[in-house]
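Counting in the UniProt record's numbering, the sequence shown runs from 1 upward without gaps. Glycine included, each C-beta is placed from N, C-alpha and C at the ideal position.
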Amino acid sequence: MCWFRHLKISQKLISAFMVIAILMGVVGYIGIYNMNKINSNAVTMHDYNLEKIKYLTTIKQNFTDIRAGLLEIVYQDKYEKKDVLEKEIYSFINENYIQIDKYESSLLSKADEATFSELKENVSVYLTACNKVINYVNENNYKDAEASIVGVTEARKKIYTNLSDLIEKNNLEADSFNEANNSTYTVSFYLAICIVILGFISAVSLGSLISISLSRQVNKVLAFAEALEGGDLTKGIQINSRDEIGKLSKGLNNANESIKKLIVKVINRAKDINSATEELSATTEEISLKMGNVNKSVEQISNGTQELSTTAKEVTASTKEISVTTNILAQNANEAEISIKEIHKSAIDIKEKALNNIEKSNVIYNENRISIMKAIEDSKIVEEVKMMTISIGEIAEQTNLLALNAAIEAARAGDQGKGFAVVAEEVKKLAEQSSKAVAKIHDMVLQVQAAFKSLSKSGQDVLEFMSADVKPTYELLMNIGLKYEKDAEFMHSLIGNFAESSKQIDDVVMQVRSSIENLFGVAQESKISTEEISNNINEITIAIADVAKSSEDQLELSYELNKMVQKFKINLL
Numbered sequence: 001m002c003w004f005r006h007l008k009i010s011q012k013l014i015s016a017f018m019v020i021a022i023l024m025g026v027v028g029y030i031g032i033y034n035m036n037k038i039n040s041n042a043v044t045m046h047d048y049n050l051e052k053i054k055y056l057t058t059i060k061q062n063f064t065d066i067r068a069g070l071l072e073i074v075y076q077d078k079y080e081k082k083d084v085l086e087k088e089i090y091s092f093i094n095e096n097y098i099q100i101d102k103y104e105s106s107l108l109s110k111a112d113e114a115t116f117s118e119l120k121e122n123v124s125v126y127l128t129a130c131n132k133v134i135n136y137v138n139e140n141n142y143k144d145a146e147a148s149i150v151g152v153t154e155a156r157k158k159i160y161t162n163l164s165d166l167i168e169k170n171n172l173e174a175d176s177f178n179e180a181n182n183s184t185y186t187v188s189f190y191l192a193i194c195i196v197i198l199g200f201i202s203a204v205s206l207g208s209l210i211s212i213s214l215s216r217q218v219n220k221v222l223a224f225a226e227a228l229e230g231g232d233l234t235k236g237i238q239i240n241s242r243d244e245i246g247k248l249s250k251g252l253n254n255a256n257e258s259i260k261k262l263i264v265k266v267i268n269r270a271k272d273i274n275s276a277t278e279e280l281s282a283t284t285e286e287i288s289l290k291m292g293n294v295n296k297s298v299e300q301i302s303n304g305t306q307e308l309s310t311t312a313k314e315v316t317a318s319t320k321e322i323s324v325t326t327n328i329l330a331q332n333a334n335e336a337e338i339s340i341k342e343i344h345k346s347a348i349d350i351k352e353k354a355l356n357n358i359e360k361s362n363v364i365y366n367e368n369r370i371s372i373m374k375a376i377e378d379s380k381i382v383e384e385v386k387m388m389t390i391s392i393g394e395i396a397e398q399t400n401l402l403a404l405n406a407a408i409e410a411a412r413a414g415d416q417g418k419g420f421a422v423v424a425e426e427v428k429k430l431a432e433q434s435s436k437a438v439a440k441i442h443d444m445v446l447q448v449q450a451a452f453k454s455l456s457k458s459g460q461d462v463l464e465f466m467s468a469d470v471k472p473t474y475e476l477l478m479n480i481g482l483k484y485e486k487d488a489e490f491m492h493s494l495i496g497n498f499a500e501s502s503k504q505i506d507d508v509v510m511q512v513r514s515s516i517e518n519l520f521g522v523a524q525e526s527k528i529s530t531e532e533i534s535n536n537i538n539e540i541t542i543a544i545a546d547v548a549k550s551s552e553d554q555l556e557l558s559y560e561l562n563k564m565v566q567k568f569k570i571n572l573l
């Protein structure tokens with residue numbers, strides 16, 4: 001019966017109902033067939049056998065009435081009744097002829113033909129005998145009439161014999177039809193009982209088989225559903241049939257496996273979410289701390305830019321002072337150049353009028369001594385310029401370091417620090433340019449310092465020469481005048497170089513001043529950028545706080561999800 005279990009439910013039900021329907025159809029067919037047969041036999045009995053018996057009985061009764069009428073005519077001397085009796089006799093005779101004709105035309109069978117022919121012959125003989133008796137009576141020849149009665153009686157007996165044979169045959173035929181009906185009824189009855197019993201057994205068997213099979217399968221599905229309701233995913237449905245419930249159980253098993261895989265994935269994902277959320281929370285805390293450090297660094301950068309701005313202002317003021325000082329140096333150089341020209345002229349005069357202008361030489365000596373000492377004193381300002389250039393170089397280095405730190409912090413800030421990174425790069429470039437300019441100024445200051453040292457030494461040599469040699473040895477004044485002329489030319493050249501160097505220093509100082517002003521502008525822009533970065537960092541800090549809160553919410557949701565999926569019972573093999 002395995003094949004029956006694999007049928008669909010509709011096929012099972014249809015097959016069961018088809019069996020019952022076939023049995024009912026067989027019962028109905030047999031019943032209808034046998035009922036038709038019984039009905040046909042009954043119709044034959046009623047419309048044929050009984051009708052023939054009726055006709056034959058009527059004929060026989062008429063012959064009996066004819067016999068009674070003949071006996072009454074022959075043996076009663078009642079003439080007044082003779083005509084009436086004669087009419088009755090002939091009426092019965094005519095009726096018999098009518099009945100015989102009807103019987104012959106519609107009811108005569110082949111089995112009755114011989115007997116019926118003999119009956120007709122006997123009827124003719126009987127009628128002839130009757131007519132003979134009636135004629136004798138009409139002739140009042142009762143003696144011959146009584147003698148003729150014997151012939152009528154013999155003919156009547158033969159007719160009765162024929163009629164009895166025909167009636168007996170019809171009775172036998174009716175009995176055979178009745179027996180056939182009884183047999184058909186009996187067979188139909190027992191066959192119907194057998195088929196009904198078989199149908200009942202089949203219906204009960206198929207119904208029990210289908211109901212038990214469906215009940216077992218449904219109970220298995222119900223047990224699976226109850227286990228699934230309780231979160232137990234370890235149970236399956238052990239149904240191997242290929243009907244709708246088998247397909248349903250297979251689909252539920254597949255769904256159970258899918259749910260099991262989904263729950264496993266959810267558990268794993270929940271663990272991953274827990275780990276990721278914890279890492280995210282730790283990362284957000286770390287980022288928050290770093291953003292606090294970045295904010296502090298930005299504040300330091302802002303303070304540094306403020307200090308840089310202040311320093312730039314101070315450097316600008318210092319460059320202005322340096323510019324004024326270099327202008328004074330240039331003016332002193334011009335004055336020294338004029339003095340040297342005068343010295344040159346004096347040397348020529350000394351050469352021409354050495355003896356006559358000793359006093360003028362002393363005066364010039366004193367004047368030149370004062371001027372040279374003043375110039376030497378003024379040359380000390382170069383040392384201050386040197387110190388300023390060193391300070392500017394240190395400021396430039398600090399600016400470079402601040403720009404580097406700002407670039408690093410901007411890189412940490414990501415996209416939010418791109419603008420500040422550009423500003424930091426510009427500050428770095430300006431710091432590098434300032435360092436280079438300061439280096440140049442420092443070199444020029446060293447050169448100027450060396451020139452002043454050389455000038456100071458030369459002036460002292462001139463004074464020593466004039467004090468040590470001119471006075472004691474005036475005879476050598478001419479040679480000294482020539483030498484002094486050469487020294488004057490040298491001083492003229494040296495002062496010219498000094499003036500040019502002072503101009504270059506002034507130009508460099510102006511460049512430094514311009515760079516410092518640019519640096520001041522960059523510092524202001526850096527301050528604005530650091531304020532924007534600070535605002536962005538605050539916004540980022542708020543966003544990170546929101547992310548931290550979201551991560552906490554997500555962690556709580558993951559815990560709840562993990563708690564929910566823990567309700568399911570799963571075999572992890």
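- With a contact defined as Cβ atoms closer than 8 Å, residue 123 and residue 98 miss out at about 12 Å.
- In the DSSP annotation of this structure, the continuous segment of the alpha helix (DSSP H) that includes residue 124 starts and ends at 113 to 138.
- Closest in alpha carbon position to residue 196, among 31, 58, 112 and 282, is 31.
- Using a Cβ-Cβ distance cut-off of 8 Å, the region 163 to 175 and the region 188 to 206 are not in contact, since fewer than three pairs of beta carbons, one from each stretch, lie closer than that value.
- Residue 172 has its alpha-carbon roughly 14 Å from the corresponding atom of residue 51.
- For the pair residue 120 and residue 183, the Cα-to-Cα distance works out to about 37 Å.
- The beta carbon of residue 404 lies closer than 7 Å to those of 428 in the same chain, with the five residues before and after it left out.
- In this structure the region 145 to 158 does not lie against the region 101 to 108, because fewer than three pairs of beta carbons, one per stretch, are closer than 8 Å.
- Looking at the backbone, the Cα of residue 546 and that of residue 412 are separated by about 20 Å.
- When secondary structure is reduced to three states using DSSP, residue 514 falls in the helix class.
- Using a Cβ distance threshold of 8 Å, residue 74 and residue 142 count as a contacting pair.
- Rounded to the nearest whole angstrom, the C-alpha separation of residue 269 and residue 556 is 14 Å.
- In this structure, DSSP gives residue 108 a state outside helix and strand, which the three-state scheme calls coil.
- The C-beta distance from residue 70 to residue 89 rounds to 7 Å, short enough to fall under 8 Å.
- One thing to note: residue 253 has its Cβ no nearer than 8 Å to the Cβ of residue 230.
- In the three-state scheme derived from DSSP, where H, G and I count as helix and E and B as strand, residue 447 is classed as helix.
- Secondary structure note for residue 55: its alpha helix (DSSP H) is the uninterrupted segment 51 to 75.
- In this structure residue 249 is not in contact with residue 218, their Cβ atoms being roughly 10 Å apart against a cut-off of 8 Å.
- Residue nearest to residue 306 within the set 23, 398, 134 and 96 is 398 (criterion: CA-CA distance).
- A direct Cα-Cα distance of roughly 15 Å separates residue 352 from residue 486.
- Between residue 116 and residue 108, the C-beta spacing is below 8 Å.
- Residues 129, 132, 133 and 136 of the same chain have their beta carbon placed closer than 8 Å to that of residue 148, with the five preceding and five following residues left out of the count.
- For residue 94, the enclosing alpha helix (DSSP H) begins and ends at 82 to 102.
- Relative to residue 190, the option among 342, 263, 27 and 247 whose CA is nearest is 27.
- By the neighbour-count criterion, in which 16 or more other beta carbons inside 10 Å mark a residue as buried, residue 256 falls on the buried side.
- Per DSSP, reduced to three states, the secondary structure at residue 237 is coil, with no helix or strand assignment.
- Contact annotation: residue 13 and residue 202 have beta-carbon atoms that are not nearer than 8 Å.
- Residue environment: residue 36 is assigned as exposed (fewer than 16 neighbouring CB atoms within 10 Å of its CB, all protein chains considered).
- The criterion of a C-beta distance shorter than 8 Å is satisfied by residue 59 and residue 96.
- Counting other Cβ atoms within 10 Å of its Cβ, residue 409 reaches 16 or more and is therefore classed as buried.
- Relative to the Cα of residue 20, the nearest Cα in the group 391, 442 and 204 belongs to 204.
- By the beta-carbon neighbour count (other beta carbons within 10 angstroms, threshold 16), residue 176 is exposed.
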